[in-house]
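In what follows, a structure is listed as structure tokens, so that the remarks can point back to it.
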Amino acid sequence: MLIAILVLILLALIIGLVLGFSSIKFKVKGDPIVEKIDAILPQTQCGQCSYPGCKPYAKAIASGEADINQCPPGGEDGVKALAELMGVEYKPLDESHGITKPKSVAFIDEDTCIGCTLCIQACPVDAILGAAKQMHTIIEKECTGCELCLPPCPVAVNFASLLVQSIALQWRLLKKMPKIGNGNIPFIP
Amino acid sequence: MLENYLLIMVSTVLVNNIVLTKILGLCPFMGVSKKLETSISMSAATAFVLTIGSMTSWAINHYLLEPNNLVYLRTLTFIVVIAAVVQFTEMLMQKHFPVLYKMLGIFLPLITTNCAVLGIPLLNAQASYGLVESAFFGFGGAIGFSFVLILFASTRERLEGADVPEAFKGSAIAMITAALMSLAFMGFIGLDR
Numbered sequence: 000m001l002i003a004i005l006v007l008i009l010l011a012l013i014i015g016l017v018l019g020f021s022s023i024k025f026k027v028k029g030d031p032i033v034e035k036i037d038a039i040l041p042q043t044q045c046g047q048c049s050y051p052g053c054k055p056y057a058k059a060i061a062s063g064e065a066d067i068n069q070c071p072p073g074g075e076d077g078v079k080a081l082a083e084l085m086g087v088e089y090k091p092l093d094e095s096h097g098i099t100k101p102k103s104v105a106f107i108d109e110d111t112c113i114g115c116t117l118c119i120q121a122c123p124v125d126a127i128l129g130a131a132k133q134m135h136t137i138i139e140k141e142c143t144g145c146e147l148c149l150p151p152c153p154v155a156v157n158f159a160s161l162l163v164q165s166i167a168l169q170w171r172l173l174k175k176m177p178k179i180g181n182g183n184i185p186f187i188p
Numbered sequence: 000m001l002e003n004y005l006l007i008m009v010s011t012v013l014v015n016n017i018v019l020t021k022i023l024g025l026c027p028f029m030g031v032s033k034k035l036e037t038s039i040s041m042s043a044a045t046a047f048v049l050t051i052g053s054m055t056s057w058a059i060n061h062y063l064l065e066p067n068n069l070v071y072l073r074t075l076t077f078i079v080v081i082a083a084v085v086q087f088t089e090m091l092m093q094k095h096f097p098v099l100y101k102m103l104g105i106f107l108p109l110i111t112t113n114c115a116v117l118g119i120p121l122l123n124a125q126a127s128y129g130l131v132e133s134a135f136f137g138f139g140g141a142i143g144f145s146f147v148l149i150l151f152a153s154t155r156e157r158l159e160g161a162d163v164p165e166a167f168k169g170s171a172i173a174m175i176t177a178a179l180m181s182l183a184f185m186g187f188i189g190l191d192r
């Protein structure tokens with residue numbers, strides 16, 4: 000009887016030690032699923048998914064709060080990759096969040112820019128360089144093409160009529176377009 | 000020697016299949032077989048737990064219980080050991096396969112209550128197998144479990160699209176399928192001579 004109790008206590012002790020040790024060893028920092036989803040998302044930080052950025056959207060997907068088809072910049076390929084990662088059925092992109100556009104970068108027409116810094120404040124990735132009353136410029140490597148700098152620009156007229164000359168912020172297709180020279184009307188994707 | 004191990008493997012996979020002949024572990028068999036992918040990952044997790052579980056319970060039975068004449072504590076200690084192994088597997092998975100961990104969800108801790116996982120170590124102890132034999136028996140049982148689980152999941156995926164009479168739709172036809180598979184596996188007893 001006594002030995003039975005002793006044996007059980009010994010067993011519980013060993014198991015407790017092993018489990019306690021492994022719980023320290025295999026501790027999970029953060030949420031690895033969020034990291035993996037975040038790696039698939041395009042990091043445009045454009046907010047079209049109705050979340051403030053890619054990471055919050057990744058968190059929302061991981062917690063099951065958001066669907067996987069709310070990221071237009073990621074496109075169909077992004078949705079497919081997410082569906083595979085999460086082990087759910089693929090579903091087409093939800094077009095109420097926007098449509099997939101070719102990847103582009105912002106381009107500041109330096110003749111018309113008035114240096115108001117509004118686009119700098121809007122940029123989620125700090126890709127616009129400039130100061131008040133100074134001309135701004137885009138760091139092309141950093142620009143994600145989220146278009147968030149377009150609405151605040153006071154000299155950019157209607158986005159639909161971007162071809163009008165008095166535009167400060169314009170868009171250029173990445174890679175497909177050569178650099179736009181002076182006086183050329185830029186190609187608007 | 001090797002022949003002996005092979006015989007154990009074949010007999011546990013086909014002749015004494017834990018699910019269809021011994022009728023153990025029916026909970027995950029019916030529960031996780033709706034989708035082929037989850038059933039494959041469930042099989043992998045169960046295989047891991049079964050192999051490690053049968054080895055550790057062999058060690059406990061051999062070094063702790065039998066020398067102290069405590070064989071009557073077998074069921075109790077085995078349950079505790081298996082629960083610990085499942086906990087360990089869970090931690091390992093959460094760290095290294097987080098997506099799989101999320102996909103399996105509640106079924107991972109439920110491996111603890113999978114009677115096949117308790118049944119195999121108990122059968123091991125009854126047959127007084129050695130360490131390697133126990134491991135082979137556990138692994139063979141796991142292979143048998145995975146084999147029928149994957150077969151059954153594939154069948155059920157086909158059944159989704161089949162023209163099943165209204166009264167038999169869903170779980171009913173799944174039960175009938177399981178019964179027919181069980182009958183078929185009973186036929187393997189003829190191998191044992």
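If you're matching them up, the sequences are chains Z and E in order. Residue 0 is where the first sequence starts when you use numbering that gives the first Met the number 0, and the numbers rise one by one after that. Residue 0 is where the second sequence starts when you use numbering that gives the first Met the number 0, and the numbers rise one by one after that. Built from N, CA and C at the ideal position, the CB exists for glycine as well.
| task | May I ask you to report which of helix, strand or coil DSSP gives residue 49 (chain Z)? | result | coil
| message | Is there a C-beta anywhere in chain E that falls below 9 Å from the one on residue 78 (chain Z)? | response | Not closer than 9 Å to any Cβ of chain E, the Cβ of residue 78 (chain Z) fails to qualify, so no.
| task | Give the range of the beta strand (DSSP E) segment to which residue 107 (chain Z) is assigned. | result | Counting along the chain, the beta strand (DSSP E) containing residue 107 (chain Z) begins and ends at 103 to 107.
| task | Work out the CA separation of residue 76 (chain Z) and residue 162 (chain Z) for me, nearest whole Å. | result | In this predicted model, residue 162 (chain Z) has a pLDDT of only 35, less than 50, meaning its place in the structure is not dependable enough to derive any value.
| request: Output yes if chain E places a C-beta closer than 9 Å to the C-beta of residue 60 (chain Z); else output no. | output: Residue 60 (chain Z) does not count as touching chain E.
| message | Tell me whether the region 150 to 168 of chain E and the region 95 to 107 of chain E touch, counting them as touching only if at least three CB pairs, one residue from each stretch, are closer than 8 Å. | response | no
| So which residues on chain Z does residue 87 (chain E) lean against when the C-beta distance must stay under 8 Å? | 17, 18, 21
| task | Can you grab the Cα-Cα spacing for the pair residue 124 (chain Z) / residue 84 (chain Z), in whole Å? | result | 26 Å
| request: Using a cut-off of 8 Å between C-beta atoms, extract the partners of residue 14 (chain Z) located in chain E. | output: 79, 80, 83
| If the cut is a Cβ gap below 7 Å, which residues of chain B does residue 31 (chain Z) touch? | Considering every chain present, this structure includes no chain B. Its protein chains are Z and E.
| query | Shorter than 9 Å from the beta carbon of residue 93 (chain E) to some beta carbon of chain Z? | reply | yes
| Residues in the region 43 to 74 of chain E having any Cβ partner in chain Z nearer than 9 Å | 59, 63, 64, 67, 68, 69, 71, 72
| field | Neighbour list for residue 137 (chain Z) in chain E, Cβ cutoff strictly below 9 Å | value | Ordered by position in chain E, no residue passes the 9 Å Cβ test against residue 137 (chain Z), which lies about 37 Å from the chain.
| said: What would DSSP say about residue 13 (chain Z), mapped onto helix, strand or coil? | reply: helix
| task | Give the straight-line distance between the Cα atoms of residue 77 (chain E) and residue 22 (chain Z), rounded to the nearest whole angstrom. | result | 21 Å
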